[in-house]
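Those sequence lines, one after another, are chains A and B.
Those letters in the first sequence? Residues 1 to 348, per this note's numbering, in order.
Those letters in the second sequence? Residues 1001 to 1214, per this note's numbering, in order.
The beta carbon of each residue, even a glycine, is placed where N, CA and C say it ideally should be.
Here the structure is a predicted model, which is why all the values come from computation and not from measurement.
Worksheet: one structure, shown below.
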Amino acid sequence: MIFFSLSSGLFLGWSLGANDAANIFGTAVGSRMIRFRTAALLAGLFVTIGAVISGAGASDTLGALGAVNALGGAFTVALAAALSVTWMTRLKLPVSTSQAIVGSIIGWNFFTHNPTDWHVLKNIALSWVTSPILAALFSAVIFIAFRAYLKRIRLHLLHIDMHTRIGLIMVGIMGAYSLGANNIANVMGVFVSVVPLRDFHWAGWVITGREILFFIGGLAIALGIFTYSRKVMETVGGSLLKLTPTAAFVVVLSEALVLFLFSSVTLHNHLQAWGLPALPLVPISSSQLVIGGVLGIGLVKGGHGIRWRVLTEIAAGWIATPVLAGVISFILLFIMRNVFAMTVAGAT
Amino acid sequence: MAILFKATKMLESKIDHFLDAVSEGNLVFKQGIQDYLENNHNRFAEHVANINRLEEAADKLRREIESALYEQSLIPEQRGDVMRLLEASDDVIDTAKEVLLQLDIQQPRFPREITGDLRRLSEQVMQAAEALVLAARAFFRNISAVKDHLHKVYFFEREADNLGMTLMRTIYGGSASLAEKNHWRYFITVIDSLADKAEAVADLLGIYTIKRTL
């Protein structure tokens, strides 16, 4: 029963792996700088490690938005998010699993008459807007510094190529770790409080139930990467991500840094301890970070050739995706409870 | 880390050797023309042998570099550009060899009044090709310096064109037979074509440099 209930989350994880791994290794694989097998292995491994080690922060935020308290409810919420992502992808609209899961949880809140924490929602919505802006800023600064550095050191073209390859692998690993840490909340966050997995003790180590859950979610993402992301990575060259390998290095590094900023509990606590503004630990969209990163480089180069329409589509997605997911979630919860007699909410 | 860069370093060295061969070919070309005009037959024969050797070495190196670029899937973004650049640079040394070979085979007897200008033409053509080699080296190592050399290629190519025109006017204004005039004109055209080849490579380099700085 538990695995059936987790299936919707695992499907969401598979879909995330299939689509979002291209945001990390897309250009490297598309331009044949790195072999797909190497990229998939590294992405799958580090997404899972990131999910298990650093996945708690963003997951707690989703829990604060709406405490889904029944296994049937968690299944339906994840299913609604997965269906919204699939539907919007088929309509070729920019979509993010982070935005779909938030809408879906709010749909559950409405259906079960549970209050939505508007302060948390405000923080989440602000993060969606600020994260691509931050990625653009990081990307612009890193790009300027990187360009000046390359000009100063005068490396041979072939040496730059080899350094870029190594750099793409390093930032890819970093990006995969951060993606797992940040986006595992979308895949498994709603199941945390309802799946009764016990802590696992082995050789003096304790693996908590939540970490086991995140590990399973990480495996689903890794499966998505291995089974379906090749096509996405290899076709990514002709789309938005058509970047030179050096520009891709800058974009993926910015993406990884922003994902990490919005996921790391340790960094969050340190920033707060030093009296610095800490970013909320919120699941954000890696695709939108890439767009922000590309935009940052585009602006440094004078802003020619930037497709401003893409930005308006993203902004529309901030509203359309959660609304659609919320409506689907509400309808599915109604069907699950009244047609399949599923318990979608526990006693509050 | 050193192992990772071993193949890269070997290829870098091959590219350097290729450009060295093109550059040396330019110098041999200039010396060859001067020795031919001064009737130093033995030295001219040495230059013909040298340019043959250099052209063969450049061809071999170019093929090795192209194979390595594909086999090791290096510089996927610029691979096509680099290969075209090497092939076009190879055309420069091919042309230089062709000029010296034709001089050796056809043994034209140039009138005394044009030998000075012919010598100057070969120098200008050589300087255009030399500036091109420097631009190509900069493309690999110091992209911002490419333009500093490209404008020299264009300058010397223009000068060579003007001198070629002056030479042809002098030839056709003279009293030699039409057959002799056409024979001399052929050599002026092929010598000048070396600068045109250098200009064509410079055009490619200009575009590749813009692509790389983006």
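Residue of the options minimising C-alpha distance to residue i
{"i": "A/ILE306", "options": "A/THR312, A/LEU295, A/ALA316", "result": "A/LEU295"}
{"i": "A/GLY303", "options": "A/ILE124, A/ALA56, A/PHE75, A/ALA140", "result": "A/ALA140"}
{"i": "A/ASN109", "options": "A/LEU79, A/THR86, A/ASN69", "result": "A/ASN69"}
{"i": "A/THR48", "options": "A/MET188, A/PRO322, A/VAL194, A/GLY204", "result": "A/MET188"}
{"i": "B/ILE1143", "options": "B/THR1213, B/ALA1160, B/THR1189, B/ARG1119", "result": "B/THR1213"}
{"i": "B/GLU1071", "options": "B/ALA1176, B/LEU1178, B/MET1165, B/THR1008", "result": "B/THR1008"}
{"i": "A/SER229", "options": "A/THR112, A/ILE291, A/VAL29, A/HIS159", "result": "A/VAL29"}
{"i": "B/ALA1198", "options": "B/GLU1157, B/ASN1050, B/LYS1211, B/HIS1047", "result": "B/GLU1157"}
{"i": "A/LEU332", "options": "A/ALA74, A/VAL250, A/ASN186, A/SER254", "result": "A/ALA74"}
{"i": "A/ALA320", "options": "A/VAL192, A/ALA78, A/MET336, A/ALA125", "result": "A/ALA125"}
{"i": "B/THR1209", "options": "B/VAL1125, B/ALA1138, B/GLU1098, B/VAL1099", "result": "B/ALA1138"}
{"i": "A/GLY103", "options": "A/ARG154, A/GLY346, A/ILE328, A/VAL344", "result": "A/ILE328"}
{"i": "B/ALA1128", "options": "B/GLU1098, B/TYR1154, B/ASP1148", "result": "B/TYR1154"}
{"i": "B/LEU1167", "options": "B/ILE1051, B/PRO1111, B/VAL1146", "result": "B/PRO1111"}
{"i": "B/ASN1182", "options": "B/PRO1108, B/ASN1042, B/LEU1204, B/LEU1019", "result": "B/PRO1108"}
{"i": "B/GLU1159", "options": "B/GLU1130, B/GLN1124, B/SER1177, B/ALA1057", "result": "B/GLN1124"}
{"i": "A/ALA21", "options": "A/ILE221, A/ALA247, A/HIS268, A/LEU281", "result": "A/ILE221"}
{"i": "B/GLU1056", "options": "B/ASP1196, B/PHE1018, B/GLY1164, B/LEU1178", "result": "B/PHE1018"}
Extent of the continuous alpha helix (DSSP H) run through residue i
{"i": "B/ILE1207", "result": "1178-1213"}
{"i": "A/PHE75", "result": "71-90"}
{"i": "A/PHE200", "result": "Unbroken run through A/PHE200 is the beta strand (DSSP E), 200-202; no alpha helix (DSSP H)."}
{"i": "B/MET1165", "result": "1146-1173"}
{"i": "A/TRP318", "result": "308-338"}
{"i": "A/THR61", "result": "56-65"}
{"i": "A/GLN288", "result": "286-300"}
{"i": "A/VAL102", "result": "97-111"}
{"i": "B/GLN1127", "result": "1112-1141"}
{"i": "A/TRP274", "result": "Where A/TRP274 is concerned, there is no enclosing alpha helix (DSSP H), given that its DSSP letter is neither H nor E."}
{"i": "B/MET1083", "result": "1079-1106"}
{"i": "B/HIS1041", "result": "1041-1071"}
{"i": "A/GLU255", "result": "245-261"}
{"i": "A/SER127", "result": "118-153"}
{"i": "A/MET170", "result": "157-188"}
{"i": "A/ILE24", "result": "22-30"}
The ligand HEM heavy atom lying under 8 Å from the CB of residue i
{"i": "A/MET233", "result": "With respect to the ligand HEM, the structure shown offers nothing to examine, as it has no ligands at all."}
Range of the contiguous beta strand (DSSP E) that encloses residue i
{"i": "A/TRP205", "result": "205-207"}
Residue environment, residue i, which counts as buried when at least 16 other CB atoms sit within 10 Å
{"i": "A/ASP161", "result": "buried"}
{"i": "A/ILE2", "result": "exposed"}
{"i": "A/GLY238", "result": "For A/GLY238, the predicted structure reports a pLDDT of 45, less than 50, and the residue's modelled location is therefore unreliable. A value from the coordinates is still provided. By the neighbour-count rule (16 or more Cβ atoms within 10 Å), A/GLY238 is not buried but exposed."}
{"i": "A/ARG165", "result": "buried"}
{"i": "A/LEU241", "result": "Legend: pLDDT at A/LEU241 = 49, less than 50; position of this residue unreliable, value from coordinates given subsequently. Per the 10 Å Cβ criterion, buried."}
{"i": "A/LYS92", "result": "exposed"}
{"i": "B/GLY1174", "result": "exposed"}
{"i": "B/LYS1030", "result": "buried"}
{"i": "A/GLN272", "result": "exposed"}
{"i": "A/LYS231", "result": "exposed"}
{"i": "B/LYS1097", "result": "buried"}
{"i": "A/THR76", "result": "buried"}
{"i": "A/PRO245", "result": "buried"}
{"i": "A/VAL339", "result": "exposed"}
{"i": "A/PHE138", "result": "buried"}
{"i": "A/VAL129", "result": "exposed"}
{"i": "A/ILE105", "result": "buried"}
Same chain, Cβ closer than 7 Å to residue i, neighbours up to 5 away in sequence not counted
{"i": "A/PHE25", "result": "ILE34, ALA39, ALA43, GLY172, MET233"}
{"i": "B/LEU1054", "result": "ALA1021, GLU1024, GLY1025, VAL1028, ILE1093"}
{"i": "B/GLY1206", "result": "LEU1150"}
{"i": "A/VAL52", "result": "GLU211, PHE214, PHE215, GLY218"}
{"i": "A/ALA381", "result": "Any answer about residue 381 of chain A is impossible in this case: the structure gives chain A only from 1 up to 348."}
{"i": "A/LEU253", "result": "ILE142, VAL171"}
{"i": "A/ASN19", "result": "VAL232"}
{"i": "A/GLY167", "result": "PHE249"}
{"i": "A/GLY50", "result": "ALA176, TYR177, SER178, LEU179, GLY180, ALA181"}
Cross-chain neighbours of residue i in chain D, by beta carbon under 8 Å
{"i": "B/GLU1077", "result": "The structure shown contains no chain D; its protein chains are A and B."}
Neighbourhood of residue i by C-beta, 8 Å cutoff - its chain only, sequence neighbours within 5 removed
{"i": "A/ARG198", "result": "GLY209"}
{"i": "B/GLU1012", "result": "PHE1140"}
{"i": "A/HIS163", "result": "LEU155"}
Sequence-distant residues of its chain with Cβ nearer than 6 Å to residue i (five each side left out)
{"i": "A/VAL206", "result": "ASP199"}
{"i": "A/GLY107", "result": "GLY326, SER329, PHE330"}
*Does the stretch 86-99 of chain A come within contact of the stretch 275-287 of chain A, defined as at least 3 CB pairs closer than 8 Å?*
yes
*Report yes or no: do the stretch 1090-1104 of chain B and the stretch 1027-1047 of chain B share at least 3 C-beta pairs separated by less than 8 Å?*
yes
*Any contact of the stretch 75-91 of chain A with the stretch 8-20 of chain A, i.e. 3+ C-beta pairs under 8 Å?*
yes
_Using 8 Å as the cut-off, can you tell me whether the stretch 1078-1089 of chain B makes contact with the stretch 1042-1053 of chain B, which would need three or more C-beta pairs spanning the two stretches below that distance?_
no
*Indicate whether the contact test is met: 3 or more Cβ pairs, each with one atom in the stretch 261-280 of chain A and one in the stretch 139-154 of chain A, closer than 8 Å.*
no
*State whether the stretch 1112-1122 of chain B contacts the stretch 1058-1076 of chain B, with contact taken as three or more CB pairs (one from each stretch) at a distance under 8 Å.*
no
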